[in-house]
Amino acid sequence: MEPRNCTGTCFLANGTLWKNVSDALEGDERSYVPYEQRVETYLVPVIFLFIFVLGAVGNGTLVFVFIRHRGIRTVPNIYIFRCGSCVYSCVCVNTP
15 MEPRNCTGTC FLANGTLWKN VSDALEGDER SYVPYEQRVE TYLVPVIFLF IFVLGAVGNG
75 TLVFVFIRHR GIRTVPNIYI FRCGSCVYSC VCVNTP
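For what it's worth, the working numbering labels the leading residue of the sequence shown as 15, then goes sequentially.
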């Protein structure tokens with residue numbers, strides 16, 4: 015249901031706001047920023063790389079130390095090892 019003879023911002027009969035038909039259909043060209051010029055294009059991969067490196071190194075070290083030293087194999091440490099190995103596998107599979 016489109017308003018008739020609307021040249022600016024108009025309201026429909028049910029009280030909802032309706033912009034110009036050309037703005038609603040084509041989008042506002044002034045607000046479009048090309049993909050290469052957006053900040054998130056470069057920021058998101060850096061954040062994912064940081065999460066991957068920190069998770070892989072931290073949990074990989076935990077798994078390596080637990081496998082290497084038999085003296086630390088107690089019940090609480092086994093629980094920590096299992097949590098660390100699950101997080102390590104999730105980081106290695108899901109992040110890259």
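Every residue, glycine too, gets a C-beta built ideally from N, C-alpha and C.
Residue range of the unbroken alpha helix (DSSP H) whose run includes residue i
{"i": "E54", "result": "54 to 82"}
{"i": "P90", "result": "89 to 108"}
Residue i versus the options, residue with shortest Cα-Cα distance
{"i": "V101", "options": "V71, V89, G85, R82", "result": "V71"}
{"i": "L76", "options": "S45, P48, S103, V107", "result": "S103"}
{"i": "V105", "options": "P48, E54, I65, T55", "result": "I65"}
{"i": "R82", "options": "V89, V47, F95", "result": "F95"}
{"i": "V79", "options": "V60, L63, S99", "result": "S99"}
Secondary structure of residue i, DSSP reduced to three states
{"i": "V35", "result": "Note that V35 scores 48 on pLDDT, short of 50, meaning its location in the model is unreliable; the coordinates nonetheless yield the value given after this. If DSSP states are grouped into helix, strand and coil, V35 belongs with the helices."}
{"i": "Y49", "result": "helix"}
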